[in-house]
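Visitor:
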Amino acid sequence: MIEFKAQLILVILWMTGTAHAVTYYVDATRGHDAFDGLVAKARSRQRGPWRTMARVNNAMLRAGDSVYFKRGDRWTEQLIIPAGGITGRPVTIGAYGDGERPIIDVQNKAAGVVTCFHSHVTIQELSLMNSTNNALGVSCTGGCKEITIRDMEIRNAGNNGISISKGGDGVHIDGVSVYNASNNGIHLGGSPDNKLSNVVVENCHISGTGANDGITIHEDGDNNSAGKNFVLRNNYAENCAEQGFDITTGEQVLLLNNSSANNKQGGVVIGHSARQVTVDRHRSMDEPTTQTSAAV
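Mapping to the working numbering: the sequence shown position 116 is 182, numbers consecutive.
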């Protein structure tokens, strides 16, 4: 009877997401997918880090689990995050060891580098390269909740460096550098049903977008709005094809202490359906103020 009660408690803990979190390790040079992934260095024929992105994409992750890629290593396959967490216990994708960020370079053979369809996920400390579409795409039916993206480097995205679509609540993007995105550096998009809310983008650096803007809050193709409660602060956008900061939709938007330089159509533009937008302490360098709408 005592043994049965103990087993029942374990099942309840697992079902409610309060079981012990697990950390998995991925090593592109010395790992093996037959290993359990539970240690950073191989210790036996069964115990050691995983090797491939395919193994990660098919992992049975639970709330609170983490997957860490080895610093200094490189992968060429797309990462599709297999699961999300719960409030206060996100699934975390990150890095371990010393040296440069782990690199995921899909070599223009995949639409995205990292794709997330789940809520309660933290993505951090990775370098993403050479996608044919959005380098890091977040899209959840019903809206993604509690998404954190921080300390990332993104290069040569075929569309947007980061794109958040289909709404969501509690999105935090911090310390991300985006270079040479074909469209926008960071794109916060409109949605017909679910809207974005409580979004913070801070300490990001956008350089060299090919077609559009550094950071944009933008309607979708059917003119659906993005949502409300956006804070963009301490960001820097330079050398973009249009504006450094393009606010075409959204309500209760605060741009605080941002900077822009050498953007072809100005530092900040506010238009379309944007409402209750505040721009506070923006610094613009070497940018035009003509042929723009409400440019700052």
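Note that beta-carbon positions come from the ideal geometry of N, C-alpha and C, so glycine has one too. These numbers come from a predicted model, not from an experiment.
1) Using only the alpha-carbon positions, how far apart do N328 and G280 sit?
2) Could you check the C-alpha separation between F296 and R96 for me, to the nearest Å?
3) Let me make sure I understand the geometry here. Which of N300, N269, N323 and L254 has the alpha-carbon closest to that of N290?
4) In terms of residue numbering, what span does the alpha helix (DSSP H) encompassing N222 cover?
5) Assuming R341 contacts E317 under a Cβ cut-off of 8 Å, what Cβ separation, rounded to an integer in Å, is found between them?
6) Determine which residues share a DSSP beta bridge with Q190 and list them.
7) Whole-angstrom Cβ separation of I272 and A303, contact assumed at under 8 Å?
8) Go ahead and pull the three-state DSSP assignment for M126.
9) A327 by DSSP, collapsed to three states: which one?
10) Expressed to the nearest angstrom, what Euclidean distance is found between the alpha-carbon atoms of G150 and K136?
11) Should T275 be listed as close to the ligand PLP, given that the test is whether its C-beta is under 7 Å from any heavy atom?
12) Taking a contact to mean a Cβ-Cβ separation below 8 Å, would you say E353 touches G333 in this structure?
13) Within the continuous beta strand (DSSP E) that includes F135, where are the two ends?
14) Considering Cα atoms alone, identify which of S339, T153 and D93 is closest to T314.
15) Run the CB neighbour count on M119, radius 10 Å, all protein chains shown included, and call it buried at 16 or more, exposed below.
16) Identify whether R347 lies in helix, strand or coil by the three-state DSSP scheme.
17) Helix, strand or coil: how does DSSP classify A120 here?
18) Do the segment 174-183 and the segment 200-212 touch if we need at least three Cβ pairs shorter than 8 Å?
19) Applying the 10 Å Cβ sphere with the 16-neighbour rule, what's the burial state of M218?
20) Leaving out five residues on either side along the sequence, give the residues of the same chain with a beta carbon under 6 Å from the beta carbon of N305.
21) Does DSSP classify M67 as helix, strand or coil?
22) Which runs of the beta strand (DSSP E) at least 3 residues long sit entirely within the segment 150-194? Give them in chain order.
23) Residues in its own chain within less than 6 Å of R16 by CB, not counting five upstream and five downstream?
24) For K232, does the three-state DSSP call read helix, strand or coil?
Guide: Taking the geometry as given:
1) About 11 Å.
2) Taking the straight line joining both Cα atoms gives about 43 Å.
3) The shortest C-alpha separation from N290 is found at L254.
4) Following the DSSP letters along the chain, one finds N222 in no alpha helix (DSSP H) but inside the beta strand (DSSP E) bounded by residues C210 to A223.
5) Correct: roughly 5 Å between the Cβ atoms.
6) Q190 pairs with R216.
7) Indeed they touch by this definition, with Cβ atoms about 4 Å apart.
8) Note: M126 maps to coil in three-state DSSP.
9) Secondary structure at A327: strand, using DSSP grouped into helix, strand and coil.
10) For G150 and K136, the gap between their C-alpha atoms comes out near 21 Å.
11) The ligand PLP is not part of the structure shown, which contains no ligands of any sort.
12) Going by C-beta atoms, E353 is nearer than 8 Å to G333.
13) In this chain, the beta strand (DSSP E) harbouring F135 covers S132 to K136.
14) When only C-alpha atoms are compared, the closest one is S339.
15) So M119 counts as buried.
16) Coil.
17) Residue state, collapsed to three classes: helix.
18) A contact exists between the segment 174-183 and the segment 200-212.
19) M218 is buried by the Cβ-count criterion.
20) Cβ within range, chain order: S273, G274 and N328.
21) With a pLDDT of only 47 at M67, under 50, the local geometry of the prediction cannot be trusted, and the value read off the model is given with reservation. Here M67 carries a coil assignment [DSSP, helix/strand/coil].
22) Listed in chain order, the complete beta strand (DSSP E) runs (minimum 3 residues) inside the segment 150-194 are 157-162, 169-171, 180-182 and 187-190.
23) The requested residue 16 does not occur in the structure, where the chain is confined to residues 67 to 362.
24) Here K232 sits in coil by DSSP.
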